[in-house]
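Have a look at the structure below, then the notes.
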Amino acid sequence: MSGSEPVRVRRVYDPPEDGDGTRVLVDRLWPRGVSKERAAIDVWLKEVTPSDELRSWYHQDRSGTRHDAFVERYRTELEDPAHTEAVDRLVGLAREDGPVTLITAVKDVADSHVPVLVDHLAHVMKRT
């Protein structure tokens with residue numbers, strides 16, 4: 115992603131870069147086999163991730179047919195009070211401290227919760 119974007123996405127296994135800004139882990143579990151030093155995480159926002167129930171339900175389907183339903187259910191979760199507080203924190207970090215890099219350990223970022231979160235953050239930043 116370009117340096118002018120307020121929210122970026124990187125995998126935790128990629129080395130940190132100078133332009134990352136605030137590095138926010140957006141996974142519910144700490145990445146396996148990665149030390150805190152190597153991850154260089156500034157903030158760990160478990161509260162912005164899909165609920166355990168939703169995550170478990172989504173990962174039970176190996177065929178991929180639940181993706182659209184997962185996206186809709188996660189968008190609904192992002193509007194609940196616990197998620198809204200975490201989203202507001204991310205928006206504040208992006209606006210006040212410069213770029214925010216969302217860090218994840220998922221193998222297939224495009225098929226995860228991360229693009230949904232990025233899209234949601236963009237909408238929130240436009241309307242506020």
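The numbering of the sequence shown is the numbering used here, which starts it at 115 and goes up by one.
We put the beta carbon where it would ideally sit given N, CA and C, even for glycine.
Does DSSP classify residue i as helix, strand or coil?
i: residue 116; result: At residue 116, the pLDDT of 39 sits below 50, so the modelled position is not reliable; the number obtained from the coordinates is stated separately. Three-state result, residue 116: coil.
i: residue 171; result: helix
i: residue 157; result: strand
i: residue 229; result: helix
i: residue 142; result: coil
Suppose contacts are defined by Cβ-Cβ distances below 8 Å. Is residue i in contact with residue j by that definition?
i: residue 225; j: residue 181; result: yes
i: residue 123; j: residue 216; result: yes
i: residue 202; j: residue 136; result: no
i: residue 126; j: residue 218; result: yes
i: residue 166; j: residue 138; result: no
i: residue 232; j: residue 121; result: yes
Measuring alpha carbon to alpha carbon, tell me which of the options ends up nearest residue i.
i: residue 141; options: 154, 163 and 150; result: 163
i: residue 131; options: 235, 144, 214 and 240; result: 214
i: residue 149; options: 129, 165, 134 and 160; result: 129
i: residue 119; options: 227, 219, 205 and 218; result: 205
i: residue 234; options: 209, 196 and 185; result: 185
Name the DSSP bridge partner or partners of residue i?
i: residue 214; result: 121 and 136
* To do: Just list the alpha helix (DSSP H) runs in the stretch 177-216, keeping only unbroken ones of 4 residues or longer that don't cross its boundaries, in chain order.
  => 181-192 and 195-210
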